[in-house]
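Single-structure report; data block below.
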Amino acid sequence: MKTVKARSFAMVVVGLLAMGSSPFAHHGDAAYEPEPIELKGAVVTEYSWMNPHSLIKVRATDAKGETREWTMEMGSTPSMSLLGFSKFTMKPGEVVDVWLYPTKNGTPVGRMHRIVFSDGTELRDLDPTEPRPATADFQE
Amino acid sequence: MRKMLMSAGVSLVAIFACSGVVVAQVADDGIGLGRTPAEQEDPEKWKYDPDMERDPWKYYATDVPPGFPDGDGGPAPVRSLTGTWHGPRASPGVPDGRRGDRPQLTALAEQIRSERKTIRDAGPGGTNDPYGRYCDPFGYPRNMYQQNRAMQVAEMPDRIVFLLQHGYWWREVWLDGRELPTNVGVRGGVDPTFNGYSVGHWEDDDTLVIETVGVRDDKWLSGDGLPHSMNARFTERWNRIDRNTMVMEIWVDDPTMYTERFSMGQSYFRWVPNQQLNEYVCVPSEVQKYLSEQADLAGSTEGMESQSLRTLPFEERGQ
Numbered sequence: 065m066k067t068v069k070a071r072s073f074a075m076v077v078v079g080l081l082a083m084g085s086s087p088f089a090h091h092g093d094a095a096y097e098p099e100p101i102e103l104k105g106a107v108v109t110e111y112s113w114m115n116p117h118s119l120i121k122v123r124a125t126d127a128k129g130e131t132r133e134w135t136m137e138m139g140s141t142p143s144m145s146l147l148g149f150s151k152f153t154m155k156p157g158e159v160v161d162v163w164l165y166p167t168k169n170g171t172p173v174g175r176m177h178r179i180v181f182s183d184g185t186e187l188r189d190l191d192p193t194e195p196r197p198a199t200a201d202f203q204e
Numbered sequence: 018m019r020k021m022l023m024s025a026g027v028s029l030v031a032i033f034a035c036s037g038v039v040v041a042q043v044a045d046d047g048i049g050l051g052r053t054p055a056e057q058e059d060p061e062k063w064k065y066d067p068d069m070e071r072d073p074w075k076y077y078a079t080d081v082p083p084g085f086p087d088g089d090g091g092p093a094p095v096r097s098l099t100g101t102w103h104g105p106r107a108s109p110g111v112p113d114g115r116r117g118d119r120p121q122l123t124a125l126a127e128q129i130r131s132e133r134k135t136i137r138d139a140g141p142g143g144t145n146d147p148y149g150r151y152c153d154p155f156g157y158p159r160n161m162y163q164q165n166r167a168m169q170v171a172e173m174p175d176r177i178v179f180l181l182q183h184g185y186w187w188r189e190v191w192l193d194g195r196e197l198p199t200n201v202g203v204r205g206g207v208d209p210t211f212n213g214y215s216v217g218h219w220e221d222d223d224t225l226v227i228e229t230v231g232v233r234d235d236k237w238l239s240g241d242g243l244p245h246s247m248n249a250r251f252t253e254r255w256n257r258i259d260r261n262t263m264v265m266e267i268w269v270d271d272p273t274m275y276t277e278r279f280s281m282g283q284s285y286f287r288w289v290p291n292q293q294l295n296e297y298v299c300v301p302s303e304v305q306k307y308l309s310e311q312a313d314l315a316g317s318t319e320g321m322e323s324q325s326l327r328t329l330p331f332e333e334r335g336q
């Protein structure tokens with residue numbers, strides 16, 4: 065079983081690269097801006113580990129000085145599990161720095177890009193510039 | 018370490034470039050020959066190993082079978098798919114299979130397809146995919162392809178049961194020699210269902226062939242919004258390549274919707290070392306929360322009409 069573990073370590077790296085589908089692969093890229101914005105010192109107000117997409121809500125002040133509550137989606141729970149997220153990754157009240165692709169219509173919602181916790185731990189969704197794997201037409 | 022890196026390198030090649038070829042080569046080497054009764058039975062395979070360095074209750078999506086990718090775990094057991102399997106997109110240890118054919122639609126299918134707004138085209142705010150907006154069950158055969166990240170297979174003397182991780186759906190395939198129903202959707206007959214009616218037989222020691230009819234025709238064939246009629250017949254082949262690998266392919270025969278039979282493509286499945294799965298359920302109340310607090314606010318793709326969770330008439334779902 066040690067062999068399994070050692071190989072798994074290598075496969076995680078390889079696999080996450082290989083599975084590096086665009087965060088917009090599921091939903092198309094029309095709803096969100098192509099470049100992420102940064103919300104520093106954001107306070108987590110809600111974290112919902114759910115399907116088809118988990119949600120993070122934060123209260124934050126953006127670069128224009130406007131303070132709003134933002135809602136951002138991530139992938140499904142199995143997808144995010146592969147990236148290190150779980151039901152207990154964060155809780156309301158935590159202060160984080162977060163990057164997200166905002167919606168084009170101005171509402172304070174977006175797609176999470178990456179999040180950095182107070183201890184420096186960084187978790188991220190997949191980067192849209194990473195290559196997509198070849199997939200069957202009937203799979204998503 | 019060197020071996021580990023070699024495995025990783027080979028994996029890159031396998032996953033990015035020619036995964037299907039790698040597995041195909043294994044199959045072409047004559048797997049299945051020389052199996053001994055001891056290898057077939059392998060009672061230790063099911064024994065709990067307290068030294069596995071793995072939580073026996075936790076699903077490790079990135080674990081792959083010992084020997085991967087340069088090993089196959091040994092010969093496949095005869096006429097058996099039993100066990101817990103990683104599916105497509107669940108794990109980097111599962112290669113992508115050959116893509117499906119591009120089907121030729123009839124005029125009726127074109128009309129139905131044109132009324133369907135896929136998530137890919139319309140975004141979550143604009144789609145009318147009944148799964149995307151309601152977590153409605155996929156139904157067969159979409160449930161064997163989309164989100165089928167992991168599953169278990171159990172066999173009984175007269176049937177084989179596929180236990181899908183996504184939504185805890187299961188489907189049974191009868192191996193007792195019965196004929197498929199010919200009275201689906203007629204008065205006094207049997208009703209079409211999400212999974213339809215399936216019978217199977219072992220074509221050889223490694224290949225299970227399943228025929229399915231009677232699937233509800235309001236279900237989408239795929240996330241692409243392709244339709245099928247109630248008279249569609251599906252042929253499904255499972256090939257157990259070796260102990261750790263199997264591959265599935267489904268063909269659609271539906272003259273009402275398609276001018277010729279076509280394949281939906283291959284999906285590979287890999288053995289889960291500790292045999293434990295996790296939970297993956299699309300919950301209707303959660304999808305409502307997602308739509309009302311995120312997706313509908315984000316809006317649909319430009320030029321596509323937005324859907325409303327509460328005003329989409331029931332009879333329009335999936336039509």
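The listed protein sequences correspond, in order, to chains V and A.
Quick note on our numbering: the first sequence kicks off at 65 and runs consecutively.
Quick note on our numbering: the second sequence kicks off at 18 and runs consecutively.
Here a beta-carbon is modelled for each residue, glycine too, at the ideal position from N, C-alpha and C.
All of these numbers come straight from a predicted model, not from anything done at the bench.
- Residues of chain A with a Cβ closer than 8 Å to the Cβ of V/Glu97 do not exist; the shortest Cβ-Cβ separation is about 11 Å.
- Taking CB atoms only, A/Val298 has a neighbour in chain V less than 8 Å away.
- A Cβ-Cβ contact shorter than 8 Å links A/Trp288 with A/Gly90.
- Excluding the 5 residues flanking it on each side, A/Val304 has same chain C-beta neighbours closer than 6 Å at Cys152, in chain order.
- The C-beta distance from A/Pro73 to A/Gln293 rounds to 6 Å, short enough to fall under 8 Å.
- Among the residues facing chain V, A/Gly316 is included, as its CB has a counterpart in that chain under 8 Å away.
- Taking C-beta atoms as the reference points, V/Lys121 and V/Glu133 count as a pair closer than 8 Å.
- Straight-line measurement puts the Cα of V/Arg178 at about 11 Å from the Cα of V/Phe149.
- The three-state secondary structure of A/Arg96, taken from DSSP, is coil.
- If you draw a straight line from the Cα of V/Thr141 to the Cα of A/Glu127, it is about 34 Å long.
- Listed along chain V, the residues sitting closer than 8 Å to A/Lys306 by beta-carbon distance are Ser112, Met114, Leu119.
- Under the criterion of beta carbons closer than 8 Å, A/Met265 and A/Met161 qualify as touching, at roughly 7 Å.
- Shown in chain order are the members of the segment 142 to 166 of chain V whose Cβ falls below 9 Å from a Cβ of chain A: Pro142, Ser143, Ser145, Leu146.
- In this model, A/Pro209 and A/Ala315 are separated by some 37 Å (Cα to Cα).
- In this structure, the beta-carbon distance from A/Gly213 to A/Thr135 does not fall below 8 Å.
- The beta-bridge partner set that DSSP reports for A/Ser215 consists of A/Thr229.
- Taking a 10 Å sphere around the C-beta of A/Gln121, we find fewer than 16 other C-beta atoms and assign the residue as exposed.
- Rounded to whole angstroms, the Cβ separation of A/Ala312 and A/Pro141 is 4 Å, and the two are in contact under 8 Å.
- Flagged as an interface residue toward chain A: V/Thr171, by a C-beta distance shorter than 8 Å.
- Remark: fewer than three beta-carbon pairs, one from each stretch, lie closer than 8 Å, so the segment 193 to 202 of chain A and the segment 103 to 117 of chain A are not flagged as touching.
- Looking at the backbone, the Cα of A/Ser246 and that of A/Pro272 are separated by about 9 Å.
- The beta-carbon of V/Thr109 is placed no less than 8 Å from the nearest beta-carbon of chain A.
- Between A/Thr229 and chain V, the shortest Cβ-Cβ separation is not below 8 Å.
- Per the coordinates, the alpha-carbon of A/Asn261 lies some 14 Å from the alpha-carbon of A/Arg96.
- Boundaries for A/Asn160: no beta strand (DSSP E) harbours it, while the alpha helix (DSSP H) harbouring it runs 159 to 162, taken from the DSSP string.
- Using beta-carbon distances, V/Glu130 does not count as an interface residue toward chain A, since no partner is under 8 Å.
- Those residues of the segment 69 to 84 of chain A placed with their C-beta closer than 9 Å to a C-beta in chain V are Met69, Glu70, Arg71, Tyr76, Tyr77, Ala78, Thr79, Asp80, Val81, Pro82, Pro83, Gly84, ordered along the chain.
- Close to A/Glu303, with beta-carbon spacing below 7 Å, are these residues of chain V in chain order: Met114, Asn115.
- For a cut-off of 8 Å, the C-beta gap from A/Phe286 to A/Trp102 is around 4 Å, short enough to register as a contact.
- Taking the Cβ atoms as the reference, V/Val160 lies roughly 6 Å from V/Val180, within the contact range of under 8 Å.
- A/Asn295 is positioned such that its CB atom lies closer than 8 Å to that of A/Tyr76.
- For A/Gly142, the residues of chain V that pass the 8 Å Cβ criterion are Ala95, in the order they occur in the chain.
- Around A/Arg166, the beta-carbon contacts reaching into chain V at under 7 Å are Pro142.
- Interface flag for A/Ala107 against chain V is set, since a Cβ pair is found closer than 8 Å.
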